[in-house]
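Every position in the sequence shown, counted from 1, becomes a number in my numbering once 4 is added. Every residue gets a Cβ at the ideal spot worked out from N, C-alpha and C, and that includes glycine.
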Amino acid sequence: MIAKEKENFAIELNNVSVSYGSNRALSNTSISIPYKTFSGVIGMNGAGKSTLFKVIMGLVKPDSGKVLVCGDQPGTAQKHGHVAYVPQTELVDWDFPVSVYDVVMMGRIGLQNIFKTRSQEDRELVDEALNKVKMYQFKDRQIGELSGGQKKRVFVARALAQGADILILDEPFAGLDAISERSLTDLLVALKNEGKTIILATHELTSLSDHCDHVALVKHTVLAYGPTKEVFTKELVSQAFDGIMHNIKFER
Numbered sequence: 005m006i007a008k009e010k011e012n013f014a015i016e017l018n019n020v021s022v023s024y025g026s027n028r029a030l031s032n033t034s035i036s037i038p039y040k041t042f043s044g045v046i047g048m049n050g051a052g053k054s055t056l057f058k059v060i061m062g063l064v065k066p067d068s069g070k071v072l073v074c075g076d077q078p079g080t081a082q083k084h085g086h087v088a089y090v091p092q093t094e095l096v097d098w099d100f101p102v103s104v105y106d107v108v109m110m111g112r113i114g115l116q117n118i119f120k121t122r123s124q125e126d127r128e129l130v131d132e133a134l135n136k137v138k139m140y141q142f143k144d145r146q147i148g149e150l151s152g153g154q155k156k157r158v159f160v161a162r163a164l165a166q167g168a169d170i171l172i173l174d175e176p177f178a179g180l181d182a183i184s185e186r187s188l189t190d191l192l193v194a195l196k197n198e199g200k201t202i203i204l205a206t207h208e209l210t211s212l213s214d215h216c217d218h219v220a221l222v223k224h225t226v227l228a229y230g231p232t233k234e235v236f237t238k239e240l241v242s243q244a245f246d247g248i249m250h251n252i253k254f255e256r
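What follows is the structure in C-alpha cells.
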C-alpha cells in the first residue's frame with residue numbers, strides 16, 4: 005500500500021512527552037524522519053527507544069505533544085496499513101502448530117481472523133512477501149522449527165504482506181549470529197532501496213554506518229538526528245551513552 009506523501013516526512017514528533025506513573029520515559033521529544041531512508045535509533049537500555057516506537061505506532065498515548073505518521077494520526081496510519089511494527093520479542097507460542105505461511109497471512113487478515121477465508125489477492129501478496137525475504141520454500145514449516153534469523157525474516161514478510169511503507173523494528177539483530185545479522189541487514193537495505201522507510205533500534209554500533217543513512221541518538225529525548233556522518237560522531241554518541249563506548253570506530 006503506497007502512502008500518499010502528504011508531508012515531507014514519514015514520521016514527525018513535536019515536543020512529545022511520555023510518562024509511566026512517576027517515571028518520565030520521553031521528555032519534549034522532537035524528530036522528523038524523511039521518507040525512503042534507513043534510520044538507526046541508538047541509546048542505552050531504558051533510554052526510551054521502545055517507548056518512541058510505541059508512540060509512533062499509537063500503542064502509547066503521549067502526555068503531551070504531536071505525532072504524525074504519513075501526515076496522519078498514528079491510528080489512522082495504522083488503519084490504512086502504512087506502518088508495521090516488528091517488536092523485539094514476538095508474543096508467539098513457538099510450540100503452537102502454526103505455519104510460516106499463516107504467520108505471514110496475519111499481516112493480511114489479522115491475528116483474530118487466522119481462519120478467515122483468504123482472497124486471491126491475500127495469497128498473492130503473502131507469496132510475494134515470502135519470496136522477497138527468501139522464505140517461500142519454508143512456507144509450510146512450523147514457525148517454531150526455524151532459526152532465530154529465519155523467524156525475523158518471516159516477521160518482516162508479515163509486515164510486507166500488510167503493505168506497509170514504513171517498517172519499524174525494535175532490536176531486530178538481538179540473538180542473531182553474524183551471518184544471520186548480515187543477511188537481515190542486506191534484506192532491509194534492499195527494501196529501503198525499493199522505497200521503504202526503515203527505522204530500527206539497535207545495539208550493533210560497529211556496523212551502523214555501513215547501512216544506516218540517518219541516525220537518532222536517544223536518551224529520554226532525541227539528542228540528535230540527521231545524516232549518519234553528521235550525527236554518528238564520538239562527541240555525540242558519548243552523550244547518549246554517558247561516555248561508555250567500547251570498540252566503536254568513527255569516521256574521521
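Backbone secondary structure at Leu-192 - three-state DSSP
What you label residue 192 is simply residue 188 of the sequence shown in a count that begins at 1. Leu-192: helix per DSSP, three-state reduction.
Helix or strand or just coil, what does DSSP make of Gln-116?
Along the sequence shown, one-based indexing puts residue 116 at 112. The pLDDT assigned to Gln-116 is 47, lower than 50, so where the model puts this residue is not dependable, and the model offers no usable value.
Assign Gln-116 to one of two classes, buried (16 or more other C-beta atoms within 10 Å of its C-beta) or exposed (fewer than that).
For the purposes of this step, residue 116 is taken as the residue at position 112 of the sequence shown. Because Gln-116 sits at a pLDDT of 47, beneath the cut-off of 50, its placement in the model cannot be relied upon, and the following sentence gives the value as read from the coordinates. The residue is exposed, with fewer than 16 neighbouring Cβ atoms inside 10 Å.
With contact counted as at least three CB pairs below 8 Å, one residue from each stretch, are the stretch 208–228 and the stretch 25–40 in contact?
yes
Using the Cα positions of Ala-244 and Phe-142, report the straight-line distance between them to the nearest angstrom.
Stepping through the sequence shown from its first residue, residue 244 is reached at position 240. Stepping through the sequence shown from its first residue, residue 142 is reached at position 138. Rounded to the nearest angstrom, the two C-alpha atoms are 40 Å apart.
Just the Cα atoms here: how many angstroms apart are Ser-123 and Ala-29?
Translated into positions along the sequence shown, residue 123 becomes position 119. Translated into positions along the sequence shown, residue 29 becomes position 25. The straight-line gap from Cα to Cα measures roughly 42 Å.
Taking the C-alpha atoms as reference points, what is the distance between Gly-44 and Tyr-105?
Working through the sequence shown from its first residue, we reach residue 44 at position 40. Working through the sequence shown from its first residue, we reach residue 105 at position 101. In a straight line, the C-alpha of Gly-44 is about 29 Å away from that of Tyr-105.
Flag this pair as yes or no: are the beta carbons of Ile-1 and Lys-196 separated by less than 8 Å?
Since the first residue shown for the chain is 5 and the last is 256, residue 1 is missing from the structure and cannot be characterised.
Given 8 Å as the limit, is there contact between the stretch 176–191 and the stretch 204–211, that is, 3 or more CB pairs closer than that?
yes
Could you say which of Leu-164, Ser-213, Asn-19 and Asp-169 lies nearest to Lys-200 if we only look at CA atoms?
To locate residue 200, count along the sequence shown from 1; it is residue 196. Per the Cα distances, Asp-169.
Quick one: give me the first and last residue of the alpha helix (DSSP H) that Ile-60 is part of.
Within the sequence shown, residue 60 is the residue found at index 56, counting from 1. Note, Ile-60: alpha helix (DSSP H), 53–60.
What residues in its chain sit with their C-beta under 7 Å from that of Val-130, if we drop five residues either side in the sequence?
On the sequence shown, residue 130 is found 126 positions in, with the first residue counted as 1. Correct list, in chain order: Tyr-105, Val-108, Met-109, Arg-112 and Ala-165.
Take every Cβ of the stretch 69–80, pair it with every Cβ of the stretch 45–58, and state whether three or more of those distances are shorter than 8 Å.
no
Per DSSP, what are the beta-bridge partners of Gln-174 in this structure?
To locate residue 174, count along the sequence shown from 1; it is residue 170. In the sequence as presented, Gln is not what sits at residue 174; that position holds Asp. Bridge partners of Asp-174: Ala-205.
So which of Phe-13, Ile-15, Phe-57 and Leu-191 has the shortest CA-CA distance to Leu-173?
Within the sequence shown, residue 173 is the residue found at index 169, counting from 1. With distances taken between Cα atoms, Leu-173 lies closest to Phe-57.
Separation of Val-90 from Leu-171, as counted between CA atoms
In the sequence shown, residue 171 corresponds to position 167, counting from 1. In the sequence shown, residue 90 corresponds to position 86, counting from 1. Each residue's Cα considered, the two are about 8 Å apart.
Can you tell me where the alpha helix (DSSP H) with Glu-16 in it begins and where it stops?
For this step, residue 16 is matched to residue 12 along the sequence shown. Counting along the chain, Glu-16 falls outside any alpha helix (DSSP H), though it belongs to the beta strand (DSSP E) covering 13–24.
Can you tell me which residues form a DSSP beta bridge with Asn-27?
For the purposes of this step, residue 27 is identified with residue 23 of the sequence shown, where counting begins at 1. Paired residues: Tyr-24.
Between the Cα of Lys-138 and the Cα atoms of Thr-121, Glu-125, Arg-162 and Asp-126, which residue gives the shortest distance?
By one-based count along the sequence shown, residue 138 stands at place 134. The shortest Cα separation from Lys-138 among Thr-121, Glu-125, Arg-162 and Asp-126 belongs to Arg-162.
First and last residue of the alpha helix (DSSP H) that includes Phe-42?
Position 38 of the sequence shown, counted from the start, is the residue given in the question as residue 42. Per DSSP, Phe-42 belongs to no alpha helix (DSSP H); it is in the beta strand (DSSP E), 42–46.
Does Val-160 come out as helix, strand or coil in the three-state DSSP assignment?
As a first step, residue 160 must be located in the sequence shown, where it is residue number 156. If DSSP states are grouped into helix, strand and coil, Val-160 belongs with the helices.
Enumerate in chain order the residues of its own chain whose CB-to-CB distance from Glu-175 is below 6 Å, with the five nearest sequence positions on each side excluded.
As a first step, residue 175 is located in the sequence shown; it is residue number 171 there, counting from the start. If we look at Glu-175 and ignore the five residues flanking it on each side, its Cβ neighbours are Gln-92 and Ala-205.
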